[in-house]
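What follows is one structure encoded as structure tokens, with my remarks underneath.
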Amino acid sequence: MENIKGSCLCGKNHVMIKRYGNFVYSCHCDMCRKMTAGPVMAVDPEKSDNVELQLDAELVTYYQSSPDVERAFCATCGTYLFWHHLVRDHYCFNAELFPEIIADAQFGLQVFYDRKPNYYDFANETKKFDSHWQEVE
15 MENIKGSCLC GKNHVMIKRY GNFVYSCHCD MCRKMTAGPV MAVDPEKSDN
65 VELQLDAELV TYYQSSPDVE RAFCATCGTY LFWHHLVRDH YCFNAELFPE
115 IIADAQFGLQ VFYDRKPNYY DFANETKKFD SHWQEVE
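With our numbering applied, the sequence shown corresponds to residues 15 to 151, in that order.
So, in structure tokens, the structure goes:
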């Protein structure tokens, strides 16, 4: 897919991924779960040259959740927009911003699986990696 457009709940902030497949993954880290009350379902377009942010600077709130990572939210509707690793210039977006991707998404990866609480599980067969990026069986 090319030029895949996404927006927040209120539609005031837009993002575009220039090239992407239909892959969605989940993150079970403590911060993602606290931010969304569950695992984050995300898409990973990687570097900023594959992303076009069409954000209203007055309508986006940034939160630096760790020394190298910032998270962005719509200041109007509260939608979680993305996670950005500042040093690597790596982006991961909320998958639900992109109806075109999730319409036929393949869910095949869970990260920070060792942080997943016991009260939920996904039925999908996926690869699983712990917080040390070791594959979990």
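Quick reminder that beta carbons are idealized off the backbone N, C-alpha and C, glycines included.
Look at the beta carbons and you see the region 32-42 touching the region 15-24: at least three pairs across the two are nearer than 8 Å.
Within 10 angstroms of the beta-carbon of C46 lie 16 or more other beta-carbons, which makes it buried. Taken in chain order, the whole beta strand (DSSP E) runs of length 3 or more contained in the region 55-113 are 65-68, 74-80, 83-88, 94-99, 104-108.
Nearest neighbour of M49 by Cα position, chosen from F96, E149, Y105, turns out to be F96.
Judged by beta-carbon spacing, F37 lies within the 8 Å limit of Q120, meaning their Cβ atoms are closer than that value. When secondary structure is reduced to three states using DSSP, Y134 falls in the coil class, being assigned neither helix nor strand. Selection K26, H146, E151, P53 evaluated against P131 yields P53 as nearest (Cα-Cα).
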